[in-house]
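Q: If you scroll down you'll find the structure; I have some questions about it.
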Amino acid sequence: MDTQVSFQNDIVDPKSNLPMPHLSFLINFLLPKRLVGRKRTERQLEYFKNVVDEDPDVDKEFFKLILVGSVAEGYNIPDVMLRSNPFKVETHADADILLAIPAMLISVDRSEEIEKLRLVVNDVHPGYARIEVTQPKEDDDSFVFLKRENKFYLSGTKMRSKILASLPADLEPHGPAISTPVPTASAWQDIMKQIKTDKMSELHSHDYVYALPCNKWPDCAKSWIDRQERGDWLDNKTINQVVELGVHVVAVPHRKSELPDLEWRISFAVTERYLAQKIVTDEQRQCYIFLKIIHFQTLKKLDLLSSYHLKTVFLHSCEKLPINAWVENCGGCLLFMIDMLVECLNKKSIPNFFIPENNLIDHFTEEQAKEVLDVLKSIRENPLHPVLQFTDSKVMGLQSLSTPFRELVSPVLEDAVDFLVHRNLQQSVTAGFLSALFKMVYVLVIERKPEEAVLYIIDVYPIINKFSPGAISVAQIVDSIGMNFVSDIQLTVNLLEEVLKFSDEHPDVLLLRGNLACMFHALAYQHQPDTDEHMLALVQAETLFNTVVDVEDIYSATAVDFSCLLIRQGRFDEAAEKLDRFIAEELKHPRSTHCFYKKEITVLDQTLQKEANVHGKLSVNSLSMAYYLLVKCIIKDDLSSADPEVYHKILQYFSRHCHLINESSSFSLLGYTNILVEDWQAACTAFEMAMETCDGSVRLVKDNIAFCKTKLHQSKDN
665 MDTQVSFQND IVDPKSNLPM PHLSFLINFL LPKRLVGRKR TERQLEYFKN
715 VVDEDPDVDK EFFKLILVGS VAEGYNIPDV MLRSNPFKVE THADADILLA
765 IPAMLISVDR SEEIEKLRLV VNDVHPGYAR IEVTQPKEDD DSFVFLKREN
815 KFYLSGTKMR SKILASLPAD LEPHGPAIST PVPTASAWQD IMKQIKTDKM
865 SELHSHDYVY ALPCNKWPDC AKSWIDRQER GDWLDNKTIN QVVELGVHVV
915 AVPHRKSELP DLEWRISFAV TERYLAQKIV TDEQRQCYIF LKIIHFQTLK
965 KLDLLSSYHL KTVFLHSCEK LPINAWVENC GGCLLFMIDM LVECLNKKSI
1015 PNFFIPENNL IDHFTEEQAK EVLDVLKSIR ENPLHPVLQF TDSKVMGLQS
1065 LSTPFRELVS PVLEDAVDFL VHRNLQQSVT AGFLSALFKM VYVLVIERKP
1115 EEAVLYIIDV YPIINKFSPG AISVAQIVDS IGMNFVSDIQ LTVNLLEEVL
1165 KFSDEHPDVL LLRGNLACMF HALAYQHQPD TDEHMLALVQ AETLFNTVVD
1215 VEDIYSATAV DFSCLLIRQG RFDEAAEKLD RFIAEELKHP RSTHCFYKKE
1265 ITVLDQTLQK EANVHGKLSV NSLSMAYYLL VKCIIKDDLS SADPEVYHKI
1315 LQYFSRHCHL INESSSFSLL GYTNILVEDW QAACTAFEMA METCDGSVRL
1365 VKDNIAFCKT KLHQSKDN
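Residue numbers (the working numbering): 665 to 1382.
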């Protein structure tokens, strides 16, 4: 296909003013590969294959059933949930099934001896043919004698009537096809249960289209085999495999045919299915389905430009563009396809992919072409508008039922405007892409869909990492969302449990086992002591703590969290042993900071809970926390029985460490530790140092200083 369209390499598209990274991100965000990729196609094929195999209405000895069309190719828009009351599933594809008749094999070569049928492409529109009957039977009324050629030709209308008469009466004619419903897929039945509604979805349906096989690739399509400009998409091996699959003819005449009853369309449905299943990449499929959503929302209602027209332009685009372009700039590929469509409508020509001489829109009037062209030009100026309209009333996959897609991606849409000024992709990753991901995951977690939330992170992370390599890990994304945004402990537990299932693909998430152990520990205190729920959460926490401590070579900060659990249970010696080991390792390689968020502060003692409540969280150096807890282990809730020499030595190390790092929260922790041993002067001094180094609220520090001074005066008076 000759084209003057150029690929959009600029970072901002001048026609739509859209930054290409933002458009590419939104394509991936709405249509993750998991939702539209090759694996989904395989699942669809398996489902419909079972439906077809179990269909008692078709004589499988006479017909060979071949599943084709968008469902078989994986090009269908995924089923969506309508934002209606009650919720309802909407499907966007039928399954097309060729009823191929092997007994009626057509020869495409006149030199061959053939018993019955021969393909004739002379004097017909390119891409169409008549089927000559070389040995007609007197008792067969399915053919027509064409007097001007003195030949018999197979009648598509009569053949269709005969086939329809042999099938059950309840099957509904639909153009050249015969339609029948297919039960809703079990996956959607499960979803309907989740949202607690008995309203069933609209049924999928499949169309039976009878077809006659040709014995080889037709001469009229041989130019496709030798086409030079095919880029890096199709190699010779693939071309040979496609040719081996051959073609069929179906009883569909050209719209302007003089003899519609005798004209058949040459169908490449089987070869198109092969390309879709084996050659088309997931990235190409994402772009094409995004384009189909645009078509559904804008052009479909005109009933002029069909999805097959779109697919034809898509296949030409796959041939024109390097495979890597779809990976690196899928937004640019989408715009390339729209520009190709605009060019085609300007020329009033969409060449068939296999037979370019077959102009798929040569029946358009000038008015029809202009009508489609006007819509395409509007799309080109704002390709996101129809997609956002589509998602305003529809939920793709298991995305949020409560929050529209437009709202979830608002950070990307806002930054797309800001990017025109700042042109800083790293800033866009943080302000736009990560913010949108955080919103999506948070909403899904709140809606109790932790699996989908984690899958979204796994889906989108490669794009984030592509635009900003190494800036953030999967573990950090989950930790930030789970700990900073989700306030409910059980929901955080659900999120962490799900992400740990992906440790083989993303080993960094194993670092979150300690976080999950902390969440189980905090969860225990949401239940009454000695209840089954309380005890189970404690067991789960301890099991995970032990796993982390045993697996990691360098004694991790998780030992400090583990010690909190052991101290709450009065297991002071076990806690002290772990803290001693952690302190020894941390002194060699100081690196850890502890942050206790409000939802988990119940694992702390009353003193530190008060500190966390005032500041919203307790963020403190891990070594400082370890010294504080170690002193608690030494005194074991009974200062009179503790060895002063031991805890004073620990306090000396602690004080030296605080002056070294000069951090307000550590000085406060030193003050609380001195309160534990009733050294009021040292406590007062530590809190005064906390006051000097504090860059936030000092109200609690002032209260602590006043408390220590009062105690100091009382001790002097005594």
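Backbone N, C-alpha and C define an ideal beta-carbon position, used for all residues, glycine too.
In this text the structure is predicted, and so the values were computed from the model without any measurement.
In whole angstroms, what separates the C-alpha of residue 862 from that of residue 745?
A: Counting from one through the sequence shown, the residue named residue 862 turns up at place 198. Counting from one through the sequence shown, the residue named residue 745 turns up at place 81. Note on residue 862: pLDDT 36, under 50, position unreliable in the model; the coordinate value appears next. Spanning the two alpha carbons is a distance of roughly 14 Å.
Q: According to DSSP, is residue 1113 part of a helix, a strand, or is it coil?
A: Looking up residue 1113 in the sequence shown gives position 449. It is coil, neither helix nor strand.
Q: Looking only at its own chain, which residues have a Cβ that is under 6 Å from the Cβ of residue 1354, when we skip the five neighbours before and after it?
A: Translated into the one-based positions of the sequence shown, residue 1354 becomes position 690. Contacts found: 1328, 1331, 1332 and 1365.
Q: Please state whether the Cβ-Cβ distance between residue 1146 and residue 687 is less than 9 Å.
A: For the purposes of this step, residue 1146 is identified with residue 482 of the sequence shown, where counting begins at 1. For the purposes of this step, residue 687 is identified with residue 23 of the sequence shown, where counting begins at 1. The answer is no: Cβ separation not under 9 Å.
Q: From residue 1323 to residue 1339, what distance separates their C-alpha atoms?
A: Counting from 1 along the sequence shown, the entry for residue 1323 is found at position 659. Counting from 1 along the sequence shown, the entry for residue 1339 is found at position 675. Rounded to the nearest angstrom, the two C-alpha atoms are 18 Å apart.
Q: In the segment 1210-1251, which residue ranges form an unbroken beta strand (DSSP E) of at least 3 residues, counting only runs that do not cross its ends?
A: Taking only runs of at least 3 residues, no beta strand (DSSP E) segment lies wholly in the segment 1210-1251.
Q: Over the uninterrupted beta strand (DSSP E) stretch that includes residue 1259, give me the two end residues.
A: Here residue 1259 refers to the residue found at position 595 when the sequence shown is read from its first residue. 1257-1261 is the extent of the beta strand (DSSP E) around residue 1259.
Q: Rank 914, 889 and 1093 by C-alpha distance to the C-alpha of residue 905 and give the top, closest one.
A: Here residue 905 refers to the residue found at position 241 of the sequence shown. Measuring from the Cα of residue 905, the nearest candidate turns out to be 889.
Q: Name the two residues that bound the continuous beta strand (DSSP E) containing residue 931.
A: Numbered from its first residue, the sequence shown carries residue 931 at position 267. Element bounds for residue 931: 928-931.
Q: For residue 1362, which three-state DSSP category applies?
A: If you number the sequence shown from 1, residue 1362 lands on position 698. Correct three-state label for residue 1362: coil.
Q: Leaving aside the five residues before and after residue 704 along the sequence, list all residues of the same chain whose C-beta is less than 8 Å from its C-beta, in chain order.
A: Taking the sequence shown and counting its residues from 1, one reaches residue 704 at position 40. Taken in chain order, the residues that qualify are 698, 738 and 742.
Q: Measure the C-alpha to C-alpha separation of residue 1403 and residue 736 and round it to an integer number of angstroms.
A: Residue 1403 is absent from the model: the chain starts at 665 and stops at 1382.
Q: I'd like to know if the segment 1308-1324 and the segment 1263-1280 are in contact, where contact means that at least 3 CB-CB pairs between them fall below 8 Å.
A: Cβ pair count under 8 Å is below three, so no.
Q: Considering only the beta carbon of each residue, do residue 1226 and residue 1252 sit closer than 9 Å?
A: As a first step, residue 1226 is located in the sequence shown; it is residue number 562 there, counting from the start. As a first step, residue 1252 is located in the sequence shown; it is residue number 588 there, counting from the start. No, the pair does not count as a contact, with Cβ atoms beyond the cut-off.
Q: Can you grab the Cα-Cα spacing for the pair residue 1018 / residue 933, in whole Å?
A: Position 354 of the sequence shown, counted from the start, is the residue given in the question as residue 1018. Position 269 of the sequence shown, counted from the start, is the residue given in the question as residue 933. Approximately 11 Å between the Cα atoms of the pair.
Q: Under a Cβ-count criterion, where at least 16 other Cβ atoms within 10 Å of its own Cβ denotes burial, should residue 887 be classed as buried or exposed?
A: Residue numbering aside, residue 887 sits at position 223 when the sequence shown is read from its first letter. When all chains shown are included, residue 887 counts as exposed.
Q: Can the beta-carbon of residue 1025 be found closer than 9 Å to that of residue 1040?
A: Taking the first residue of the sequence shown as position 1, residue 1025 is located at position 361. Taking the first residue of the sequence shown as position 1, residue 1040 is located at position 376. Cβ distance not < 9 Å, so residue 1025 and residue 1040 don't count as in contact.
Q: Need the endpoints of the alpha helix (DSSP H) that residue 979 sits in, please.
A: Position 315 of the sequence shown holds residue 979. Run containing residue 979: 971-984, per the alpha helix (DSSP H) assignment.
Q: In chain order, what residues of the same chain lie with their CB nearer than 8 Å to the CB of residue 854, ignoring the 5 residues before and after it?
A: Start at 1 with the first residue of the sequence shown, and residue 854 comes out as number 190. The predicted model places residue 854 with a pLDDT of 44, which falls under 50 and marks its position as unreliable; any figure quoted below should be read in that light. For residue 854, where only same-chain residues beyond five positions count, there are no Cβ hits under 8 Å.
Q: According to DSSP, is residue 724 part of a helix, a strand, or is it coil?
A: Numbered from its first residue, the sequence shown carries residue 724 at position 60. Coil.
Q: Helix, strand or coil: which one does DSSP assign to residue 762?
A: For the purposes of this step, residue 762 is taken as the residue at position 98 of the sequence shown. Strand at residue 762.
Q: Rounded to whole angstroms, what's the CA-CA distance from residue 1111 to residue 822? Just pull it up for me.
A: Translated into positions along the sequence shown, residue 1111 becomes position 447. Translated into positions along the sequence shown, residue 822 becomes position 158. Going from the Cα of residue 1111 to the Cα of residue 822 covers about 56 Å.
Q: When you compare only the Cα positions, how much space is there between residue 824 and residue 909?
A: As a working note, residue 824 is residue 160 in the sequence shown. As a working note, residue 909 is residue 245 in the sequence shown. Approximately 24 Å between the Cα atoms of the pair.
Q: Give the range of the beta strand (DSSP E) segment to which residue 1321 is assigned.
A: Taking the first residue of the sequence shown as position 1, residue 1321 is located at position 657. Note, residue 1321: premise wrong, no beta strand (DSSP E); alpha helix (DSSP H) at 1308-1325.
Q: Give me the DSSP bridge partner(s) of residue 770.
A: Locating residue 770 in the sequence shown gives position 106, counting from the first residue. Residue 770 is bridged to 781 and 878.
Q: Return yes when the Cβ of residue 1247 is within less than 9 Å of the Cβ of residue 1291, no when it is not.
A: Position 627 of the sequence shown, counting from 1, holds the residue named residue 1291. Position 583 of the sequence shown, counting from 1, holds the residue named residue 1247. It is a contact, given that the beta carbons lie within the stated cut-off.
Q: Among 1144, 946 and 1201, which residue has its Cα nearest to the Cα of residue 1229?
A: Reading the sequence shown from its first residue, position 565 is the one you call residue 1229. If we check each option's Cα against that of residue 1229, 1201 comes out closest.
Q: Residue 987 and residue 935 look like a contact to me (Cβ under 8 Å); what is the Cβ gap, rounded to whole Å?
A: Here residue 987 refers to the residue found at position 323 of the sequence shown. Here residue 935 refers to the residue found at position 271 of the sequence shown. Contact doesn't hold; Cβ gap of about 19 Å is too wide.
Q: Within its chain, find whatever has a CB closer than 6 Å to the CB of residue 917; leave out the 5 residues flanking it on each side and keep chain order.
A: Locating residue 917 in the sequence shown gives position 253, counting from the first residue. If we look at residue 917 and ignore the five residues flanking it on each side, its Cβ neighbours are 924 and 927.
Q: What are the start and end residues of the alpha helix (DSSP H) that includes residue 1291?
A: Here residue 1291 corresponds to residue number 627 of the sequence shown, with the count starting at 1. Counting along the chain, the alpha helix (DSSP H) containing residue 1291 begins and ends at 1286-1299.
Q: From residue 1071 to residue 693, what distance separates their C-alpha atoms?
A: Walking along the sequence shown from the start, residue 1071 turns up at place 407. Walking along the sequence shown from the start, residue 693 turns up at place 29. Near 13 Å, if we compare the C-alpha coordinates of residue 693 and residue 1071.
Q: Quick check on DSSP: helix, strand or coil for residue 1302?
A: Start at 1 with the first residue of the sequence shown, and residue 1302 comes out as number 638. DSSP places residue 1302 in coil when its eight states are reduced to three.
Q: Got a sec, what are the start and stop residues for the beta strand (DSSP E) residue 809 sits in?
A: Within the sequence shown, the letter at position 145 stands for residue 809. 807-810 is the extent of the beta strand (DSSP E) around residue 809.
Q: Following the continuous alpha helix (DSSP H) through residue 746, name the residue where it begins and the one where it ends.
A: As a position in the sequence shown, residue 746 is number 82, starting the count at 1. Not the alpha helix (DSSP H): residue 746 falls in the beta strand (DSSP E), residues 741-746.
Q: Between residue 1285 and residue 1304, is the Cβ-Cβ spacing less than 9 Å?
A: Position 621 of the sequence shown, counting from 1, holds the residue named residue 1285. Position 640 of the sequence shown, counting from 1, holds the residue named residue 1304. Going by C-beta atoms, residue 1285 is not nearer than 9 Å to residue 1304.
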